[in-house]
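What follows is a short report on a single structure.
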Amino acid sequence: MGKPLQVLLVEDSPDDAELLELELSRGGFAPTIRRVETGDAMRAALMSDVTWDVVLSDYHLPTFSAEAALATLQDSGRDLPFIIMSGVVRAEDAVNLLKRGAHDFLDKASLARLVPAIEREIRDCRERAKRRQAEERVRVLSLAIEQSPVSVTITDRNGIIGNVNPKFVKATGYPAAESLG
């Protein structure tokens, strides 16, 4: 059995959806695919309790587009890999969407890059999440130090002061800038 993969597919062609599912299965995934064709359907899918792994989007649908799908994903606040797939698109249009936040662009006629692209983007997404968590921990610790009711001094191994909090400044009378180093 393959690795589970939750795919939100923005696609109007059931045949293309079937080909994608086959390619993902051949690549070692056990995909669960939800195909949407409109902005409302995509918003509903993003608001559902499904933990999506990736969004794959056709470039142009009759009533929707990759550009609108990318904006919908960004408006949702979710950080998911967004990969555009198309058979016909100008290079400058693809580059424009990559600059706006899409993660990759694939030609539907050559899906050999699909599985490696998904694996890479999922890995990158996990790294971004870890980085955001670490940044949040640093922010919380910094706030705790700044708001601490006691004097806090942070030094390196040699005892050189690298940071002090406002309570230290108030208690000692030394400005923070003069205390550092």
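Read left to right, the sequence shown gives residues 769 to 949 (the working numbering). Just so you know, even glycine gets a beta-carbon here, dropped at the ideal spot from N, CA and C.
With 16 other CB atoms within 10 Å as the buried threshold, where does residue i fall?
| i | result |
| --- | --- |
| Arg905 | exposed |
| Glu946 | exposed |
| Glu889 | buried |
| Pro799 | buried |
| Arg776 | What sits at residue 776 in the sequence shown is Leu, not Arg. With 16 or more Cβ atoms within 10 Å of its Cβ, Leu776 is classed as buried. |
| Met853 | buried |
| Leu948 | exposed |
| Ala834 | buried |
| Met810 | buried |
| Val823 | buried |
| Ala870 | buried |
| Ala862 | buried |
| Leu909 | exposed |
| Ala939 | exposed |
| Asp821 | buried |
| Asp892 | exposed |
| Ala812 | exposed |
| Ala885 | buried |
To the nearest angstrom, how far is it from the Cα of residue i to the Cα of residue j?
| i | j | result |
| --- | --- | --- |
| Pro782 | Leu848 | 23 angstroms |
| Ala912 | Leu829 | 50 angstroms |
| Arg774 | Glu789 | It is worth fixing the name first, because residue 774 is Gln in this sequence and not Arg. About 11 angstroms. |
| Glu887 | Leu841 | 19 angstroms |
| Arg925 | Arg896 | 31 angstroms |
| Thr923 | Val818 | 46 angstroms |
| Ile801 | Glu860 | 29 angstroms |
| Arg907 | Ala839 | 29 angstroms |
| Phe873 | Glu903 | 30 angstroms |
Whose C-beta lies closer than 7 angstroms to the C-beta of residue i among residues of the same chain, with five residues either side of it excluded?
| i | result |
| --- | --- |
| Arg846 | Leu814 |
| Leu879 | Glu791 |
| Pro917 | Lys935 |
| Phe832 | Val778, Glu805, Thr806, Gly807 |
State the beta-bridge partners of residue i as determined by DSSP.
| i | result |
| --- | --- |
| Asp826 | Met853 |
| Gln774 | Thr800 |
| Val932 | Thr921 |
| Ser844 | Bridge partners of Ser844: none, in fact. |
| Ser833 | His828 |
| Leu866 | Beta-bridge pairing links Leu866 to no other residue. |
| Leu874 | Met853 |
Please return the same chain residues whose Cβ sits closer than 6 angstroms to the Cβ of residue i, not counting the five positions on each side in sequence.
| i | result |
| --- | --- |
| His779 | Note that residue 779 is Glu in the sequence shown here, rather than His. Counting only Cβ-Cβ distances below 6 angstroms, and skipping sequence neighbours, we find Ala785, Arg803, Asp826. |
| Phe914 | One detail in the question is off: residue 914 reads as Glu in this sequence, not Phe. Cβ neighbours of Glu914 beyond the five flanking positions: Asn933. |
| Gly795 | Val883 |
Who are the Cβ neighbours of residue i in its own chain at under 8 angstroms, not counting the five residues just before and after it?
| i | result |
| --- | --- |
| Pro943 | Val937 |
| Ile928 | Gly949 |
| Gly855 | Asp875, Lys876, Ala877 |
Return the residue from the list the options that minimises the CA-CA distance to residue i.
| i | options | result |
| --- | --- | --- |
| Ser806 | Ala837, Leu824, Gly795 | Residue identity check: residue 806 is Thr in the sequence provided, not Ser. Among Ala837, Leu824, Gly795, the Cα nearest to that of Thr806 is on Ala837. |
| Val932 | Val920, Ala939, Arg899, Thr940 | Val920 |
| Ser844 | Pro884, Asn864, Asp808 | Asp808 |
| Arg868 | Gly795, Leu882, Arg900, Ile851 | Ile851 |
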